[in-house]
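Q: For the sequence shown, our numbering puts the final residue at 181, and the numbers step up evenly by one.
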Amino acid sequence: DSNGNNNIDEDYIPESKNKMVQQIKKEGPEMQYLSEFPSEYGRYVAIDAEFTGLDEKEDQLLELAACEIKNGEITNKRFHAYINPRGEIKGTEFHGITKETYEKLPKESLDDKKNMESFLEFVGDSLIFAHNPTKDMVFINKELSLNGLKEIDPKQYRCTMRMYYKKYEHTYIKKLSLIS
């Protein structure tokens, strides 16, 4: 409103999002780090990851992208890699990745261990930002482990969704682009 209040009647929030907000409110201290706001200054990494599905045992990481943010500004430093599928590529309707995607890639770009080592190097000890990163954390660490690499500490992640709901508790935004 004109007074800068972001309060919207919770009846306006779709049921699925309302449940998400309620879940975030109930999370114990072990998950609170996900919604901690960092200093504006420093180096951060924003990521996006695509998976074959959401089953932590059966599905896998397919694609990983990241960009660097330094002192509040997005830099030109980027990371992008595909991970070899170890089974059926599911979820194409969500991520657009197909068997043909991999057939068009240079074979040397599909070295999973090298790609994950490069990702670790790119991230370093920076905080990692993602929108609802709970699955990202699981699948990235699963891929690191499969390649004999050190997993990333979950406390290195921050959740833009949780940060948003922490700051604007009663606001619902339908488009992710409005809060990014």
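Glycine included, each C-beta is placed from N, C-alpha and C at the ideal position.
First and last residue of the alpha helix (DSSP H) that includes Arg163?
A: For the purposes of this step, residue 163 is identified with residue 162 of the sequence shown, where counting begins at 1. Counting along the chain, the alpha helix (DSSP H) containing Arg163 begins and ends at 161-168.
Q: With DSSP as the reference, label Asp2 as helix, strand or coil.
A: Numbered from 1 along the sequence shown, position 1 holds the residue referred to as residue 2. Confidence at Asp2 is low in this model, with a pLDDT of 34, below 50, so the placement of that residue should be treated as unreliable; the coordinate-derived value is given next. DSSP places Asp2 in coil when its eight states are reduced to three.
Q: Is Arg79 closer than 8 Å to Leu128 when the C-beta atoms are compared?
A: Start at 1 with the first residue of the sequence shown, and residue 128 comes out as number 127. Start at 1 with the first residue of the sequence shown, and residue 79 comes out as number 78. No, these two residues do not count as a Cβ contact at 8 Å.
Q: Just the C-alpha distance for Leu62 and Ser40, rounded to the nearest angstrom, thanks.
A: Locating residue 62 in the sequence shown gives position 61, counting from the first residue. Locating residue 40 in the sequence shown gives position 39, counting from the first residue. Distance between the alpha carbons of Leu62 and Ser40: 30 Å.
Q: Here's the rule: buried if 16 or more other CB atoms are within 10 angstroms of the residue's CB, otherwise exposed. What is Ile75?
A: Taking the sequence shown and counting its residues from 1, the one referred to as residue 75 is at position 74. So Ile75 counts as exposed.
Q: From the DSSP output, in three-state form, read off Glu11 for me.
A: Your numbering for residue 11 matches position 10 in the sequence shown. Model confidence at Glu11 stands at a pLDDT of 43, short of 50, so the residue's coordinates are unreliable and nothing is read from them.
Q: Please classify Lys91: does DSSP put it in a helix, a strand, or coil?
A: One-based indexing of the sequence shown puts residue 91 at position 90. Coil, per DSSP.
Q: Please list the segments of the beta strand (DSSP E) lying wholly inside the segment 35-94, counting only runs of 3 or more residues, in order along the chain.
A: Within the segment 35-94, the complete beta strand (DSSP E) runs of at least 3 residues are 44-52, 62-71, 74-83.
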